[in-house]
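Sequence lines, in order, name chains A and B.
Everything in the first sequence is counted per our numbering, starting at 1 for the first residue and increasing by one.
Everything in the second sequence is counted per our numbering, starting at 1001 for the first residue and increasing by one.
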Amino acid sequence: MAAANSVNPKSWTWIAWPLGALPLAWVLWQGVTGGSGPDPVAALVNALGWWALVLLLVCLTMRPAARLLNIPALVIWRRTFGLWMFIYASLHFLAWATLILGWDPGRLATELSKRPYIIVGAAAWLALWPLALTSTRKARRRMGKRWVKLHRLIFLALPLALIHQFWVQKSGFGESLAFLAVALVLVGYRLRGRFLPGK
Amino acid sequence: QQVAGAKDGVPSTDEKLTPFDDVTQYNNFYEFGTGKDDPAANAHRMKTNPWQFTVAGAAERTGTFDLEDLLKGLPVEERIYRLRCVEAWSMVIPWVGIPMAALLKKLQPTSKARYVAFTTLADPKQMPGVDSPFTGIDFPYREGLRLDEAMHPLTLMAIGLYGRTLPNQNGAPLRLVVPWKYGFKSIKSIVRIEFTEQRPATTWNLLAPREYGFYANVNPEVDHPRWSQSRERRLPNSLFNPNWRPTELFNGYDQVAGLYKGMDLRKNY
Chain A
1 MAAANSVNPK SWTWIAWPLG ALPLAWVLWQ GVTGGSGPDP VAALVNALGW WALVLLLVCL
61 TMRPAARLLN IPALVIWRRT FGLWMFIYAS LHFLAWATLI LGWDPGRLAT ELSKRPYIIV
121 GAAAWLALWP LALTSTRKAR RRMGKRWVKL HRLIFLALPL ALIHQFWVQK SGFGESLAFL
181 AVALVLVGYR LRGRFLPGK
Chain B
1001 QQVAGAKDGV PSTDEKLTPF DDVTQYNNFY EFGTGKDDPA ANAHRMKTNP WQFTVAGAAE
1061 RTGTFDLEDL LKGLPVEERI YRLRCVEAWS MVIPWVGIPM AALLKKLQPT SKARYVAFTT
1121 LADPKQMPGV DSPFTGIDFP YREGLRLDEA MHPLTLMAIG LYGRTLPNQN GAPLRLVVPW
1181 KYGFKSIKSI VRIEFTEQRP ATTWNLLAPR EYGFYANVNP EVDHPRWSQS RERRLPNSLF
1241 NPNWRPTELF NGYDQVAGLY KGMDLRKNY
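(1) Looking at the unbroken alpha helix (DSSP H) that takes in M62 (chain A), where does it start and where does it end?
(2) Three or more C-beta pairs closer than 8 Å, one from the stretch 1016-1028 of chain B and one from the stretch 1086-1101 of chain B: is that the case here?
(3) Any beta-carbon of chain B closer than 8 Å to the one on P105 (chain A)?
(4) Please state the DSSP three-state secondary structure of A1122 (chain B).
(5) The beta strand (DSSP E) that contains Q1255 (chain B), what's its start and end?
(6) Output the boundary residues of the beta strand (DSSP E) element that contains I1137 (chain B).
(7) Please state whether the Cβ-Cβ distance between Y117 (chain A) and H164 (chain A) is less than 8 Å.
(8) Kindly say whether P1236 (chain B), judged by its beta-carbon, lies nearer than 8 Å to any beta-carbon of chain A.
(9) Which residues mark the beginning and the end of the beta strand (DSSP E) in which G1160 (chain B) is found?
(10) Look at A1172 (chain B) and K1112 (chain B) and say whether their C-beta atoms are less than 8 Å apart.
(11) For K1036 (chain B), decide whether its Cβ has a neighbour in chain A, counting only Cβ atoms nearer than 8 Å.
(12) Helix, strand or coil for A1216 (chain B), going by three-state DSSP, please let me know.
(13) Relative to the alpha-carbon of E1221 (chain B), which residue among B:Y1269, B:G1258 and B:M1157 has its alpha-carbon at the smallest distance?
(14) Mind listing which residues of the stretch 162-194 of chain A have their C-beta closer than 9 Å to chain B's C-betas, in chain order?
(15) Applying the 10 Å Cβ sphere with the 16-neighbour rule, what's the burial state of E1068 (chain B)?
(16) Return the CA-CA distance between D1123 (chain B) and V1130 (chain B), expressed in angstroms with no decimal places.
(17) Taking the continuous beta strand (DSSP E) assigned at R1192 (chain B), which residues delimit it?
(18) So, with DSSP's three-state summary, where would you put S135 (chain A)?
(19) Could you compute how far the alpha carbon of N1243 (chain B) sits from the alpha carbon of V1023 (chain B)?
(20) Closer than 7 Å, Cβ to Cβ, to anything on chain A: give me those residues from the stretch 1161-1195 of chain B, in chain order.
(21) To which residues of the same chain is W29 (chain A) closer than 6 Å at the C-beta, ignoring the five residues directly before and after it?
(22) Buried or exposed for A109 (chain A), going by 16 or more other Cβ atoms inside 10 Å?
(23) Counting along the chain, where does the alpha helix (DSSP H) carrying L1176 (chain B) start and finish?
(24) Taking Cβ positions only, does P1039 (chain B) come closer than 8 Å to chain A?
(25) Along chain A, which residues have their Cβ under 8 Å away from the Cβ of Y1026 (chain B)?
(26) Grab the span of the alpha helix (DSSP H) containing D1069 (chain B) for me, first residue to last.
(27) Jot down the residue ranges of each uninterrupted beta strand (DSSP E) in the stretch 1043-1094 of chain B, minimum 3 residues, whole runs only, in chain order.
(28) Is G1035 (chain B) near the ligand HEM, with its Cβ less than 7 Å from a heavy atom?
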């Protein structure tokens, strides 16, 4: 497979950073200017979680997209989008702990022990930490094969995040089903060689 | 459009009103979509005049009426009520409406009537959410009250807010307002009332009985299984002030406590 001539991966690496920042800027702008309605608190917490999940799926799209579109640079962007995913998930947690719980230790303890969907969401977030902490090129080089193994944690975070998103809602499951469908396609693509001969 | 005959009713509050735009653009009305802004965007497709209204069951005056005829002569009052949503946000809304007791007396329930069941319009031509396979809700939307709850002086049949005719997304032309219960009890755009002997099935209770009881009285002590009900965000809030306040038993309307004397409110949530 020859690299596409039109795109030089190295010179385009930086673009994933501002791209990942755009939703955050938009969400904060909406929240401060009243664009997200009379309950910007709930809107912000929800939007940050939504973007974390979207970015998780974006990360999983990068390798197949790089191959199918013949743009190797996409795999380099994956790392940046992965870090953005971790940032959105962390801000989602921080916004929830601050705006919803006011950092009240009693409430935090109750929510983190009594509410299954919160526990599942927190577990998804915890699964992202090792990935974020080993995201540097140095760590990747040093860890070698173990890095690849460790980063399969993403396939633990994915179902946890999907369950969390589904469970948060009162009703109206269209969006959850759309997320699930995308996730199944991506995981299916990833596993396709496993069950097919001669790949 | 001003509602004729509005006068000050009881009770009132000196709490700050939630602005008109927020009351009318932040709604749960799943027949028009599950997003908070879907009802305001889609509800204009609902035709509210004329409005056929059916009275059924254990009452002297049953049949299908033109709503305007049915409401003629009934007293119209303004009532400023707190609205506490089960999702833990709240508003303060100046409703215009008819005391439910006045309407019920006109319909003359018989001695067999112990409950009142309500039904919302469910017309897929006017309501894009009704046919959606993803809401999980089996429309038409249904709610119910015990007859004594329905007869309580606080219970209102709203026809307006902020001195104007009720906007469609808020449940035009006629909706229930039961201020001491979670908002989902206050059924919108009612096409049918039935007086029953047995407790009627209600929509959210059918969907998730563990989470939404028949009574659904506002109660800070009884959590929703997935979130705490001890506090509420008074809307509008801001990122700099989430505007949390403690939730009160019966949403602060202590005068209804007598309705539930001797009942375990944890069991009858």
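Cβ atoms here follow ideal geometry from the backbone N, Cα and C, with glycine treated the same way.
By the coordinates alone:
(1) P40 to L69
(2) yes
(3) no
(4) coil
(5) No beta strand (DSSP E) contains Q1255 (chain B), which DSSP labels as neither H nor E.
(6) Careful: I1137 (chain B) lies outside any beta strand (DSSP E) and carries neither H nor E.
(7) yes
(8) yes
(9) L1156 to L1161
(10) no
(11) yes
(12) coil
(13) B:Y1269
(14) W167, V168, Q169, K170, S171, G172, F173, G174, E175, S176 and L177
(15) exposed
(16) 7 Å
(17) I1190 to T1196
(18) coil
(19) 17 Å
(20) none
(21) none
(22) exposed
(23) No alpha helix (DSSP H) contains L1176 (chain B), which is instead part of the beta strand (DSSP E) from R1175 to V1177.
(24) no
(25) G37, P38 and D39
(26) L1067 to L1071
(27) 1052-1057, 1063-1066 and 1077-1084
(28) With respect to small molecules bound, the structure shown includes none, and the ligand HEM cannot be examined in it.
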